[in-house]
Amino acid sequence: LAASLGWIASVHEDIKLFGIFAKEIGVSDDRFSIIEEEYYKLIGSLEYMITLSETLRLNVTPEVAKDGLNAAKRAIFASDRESGIRGVRFNILDLGILRSSLRDIVMAIEKELRGRRSYSLEPAILPYYDALGMFSETLDKFPASSREDIEHAGKCIAFGEGTAAVFHLMRAMEAIVSGIVALGGLSANPDKEWGKLLSDIGRHTESLPQSNPQEKALRNRWSACHKNLYHVKQA
Amino acid sequence: TYTTEEAKQVFDSTRAFVRELATL
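Here the protein sequences come in this chain order: A and B.
For what it's worth, my numbering labels the leading residue of the first sequence as 35, then goes sequentially.
For what it's worth, my numbering labels the leading residue of the second sequence as 48, then goes sequentially.
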């Protein structure tokens, strides 16, 4: 953005030199306002400013840049007979519009960005910002609200809001606990306090058969889940 | 009050827990 603005500012000076100034001292009309290469840079820069300022949802800057772009697009291509250099010529009205557009873009963008605050996230923290990506499909088994809370927990971590992140994680955990209850086909009410839920899960675990290795493995996983939840509850 | 580092630990534990649960 800064580079683009800097370049626009320098072109602004060029136009003044080759355009207005040339006309004022009565240089022949064969001369052009700016060379072709600079013209395309100008068009590209204005288009970039429009895209960028629209992406940033600025209100005034894109309109100012569009005025300039429209004026610039009305330029007439010409080439210098002696040197063969190609360029474009602006009519006096469009040159005025273009010049004020270039001057106003700088002012508009400064004014509009002054009311903004921008944040930058370091690459190491980015996975937390896109927290669901860290969970892949494992969350599909649990209620949608838990996905939402985990997503927000990650965003809170990315922005350094530890307490808010833990708050979201606890809410996600509550939804996940409801999911466990549903998963085990338990009749327990997931709105119960955690202690009661834990008793229900404990009873369910105890009731599971263990007559073959598969059954034993499942029972062990339920037992581990019970233990994990107990630790979370204590925390 | 939790620091970001503590919140990260809770987050990572939750993730490990969920991954384990998904196998139930």
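Just so it is clear, CB atoms sit at the ideal spot from N, CA and C, and this is done for glycine as well.
> V200 of chain A touches chain B at which residues, Cβ-Cβ below 7 angstroms?
Replying inline: Y49, A54 and V57
> Taking all protein chains shown into account, do 16 or more other C-beta atoms lie within 10 angstroms of the C-beta of I119 of chain A, making it buried, or fewer, making it exposed?
Replying inline: Residue environment: I119 of chain A is assigned as exposed (fewer than 16 neighbouring CB atoms within 10 Å of its CB, all protein chains considered).
> Based on Cα-Cα distance, which residue from A:Q244, A:S87 and A:L136 lies nearest to D101 of chain A?
Replying inline: A:L136
> So, is L129 of chain A buried or exposed, given that buried needs 16 or more other C-beta atoms within 10 angstroms?
Replying inline: L129 of chain A comes out buried.
>> Taking the alpha carbon of S212 of chain A as the reference point, which residue from A:K230, A:G78 and A:L92 has its own alpha carbon closest?
In response: A:K230
> Leaving out the 5 sequence neighbours to the left and right, which residues in its chain are closer than 6 angstroms to E182 of chain A when beta-carbon positions are compared?
Replying inline: none
> Is it true that the region 145-165 of chain A meets the region 234-251 of chain A, where meeting means three or more beta-carbon pairs spaced less than 8 angstroms apart?
Replying inline: no
>> Helix, strand or coil for S60 of chain B? Go by DSSP, reduced to three states.
In response: helix
> Rounded to a whole number of angstroms, what is the C-alpha to C-alpha distance between L132 of chain A and L147 of chain A?
Replying inline: 22 angstroms
>> Using C-beta distances below 6 angstroms, list every residue in its chain close to F169 of chain A, excluding the 5 sequence neighbours before and after it, in chain order.
In response: none
>> If I follow the unbroken beta strand (DSSP E) through R120 of chain A, where does it start and stop?
In response: R120 to R123
> Excluding the five sequence neighbours on either side, which residues of its own chain have a C-beta within less than 6 angstroms of the C-beta of P161 of chain A, listed in chain order?
Replying inline: M168
> Whose C-beta lies closer than 6 angstroms to the C-beta of S113 of chain A among residues of the same chain, with five residues either side of it excluded?
Replying inline: Taking S113 of chain A as the centre and dropping the five residues before and after it, the same chain places the C-beta of R120 closer than 6 angstroms to its C-beta, in chain order.
>> If contact is defined by three or more beta carbon pairs under 8 angstroms, each pair taking one atom from either stretch, is the region 88-95 of chain A in contact with the region 104-112 of chain A?
In response: no
> Since S113 of chain A is in the beta strand (DSSP E), which residue starts that stretch and which ends it?
Replying inline: I110 to S113
> Would T197 of chain A pass as a contact of Y49 of chain B if the rule is Cβ separation under 7 angstroms?
Replying inline: yes
> Rounded to whole angstroms, how far is the Cβ of T61 of chain B from the Cβ of A206 of chain A, which I believe are closer than 8 angstroms?
Replying inline: Separation of the CB atoms of T61 of chain B and A206 of chain A is rounded to 7 angstroms, and the pair is thereby assigned contact status at 8 angstroms.
>> I want to check one thing, is the minimum distance from the CB of F111 of chain A to the heavy atoms of the ligand FAD below 6 angstroms?
In response: Among the ligands in the structure shown, none appear at all, so the ligand FAD cannot be discussed.
> Are A54 of chain B and I191 of chain A touching if we call contact CB-CB under 7 angstroms?
Replying inline: Going by beta carbons, A54 of chain B and I191 of chain A fall inside the 7 angstroms limit.
> For chain B, is any of its Cβ atoms less than 7 angstroms away from the one on L155 of chain A?
Replying inline: no
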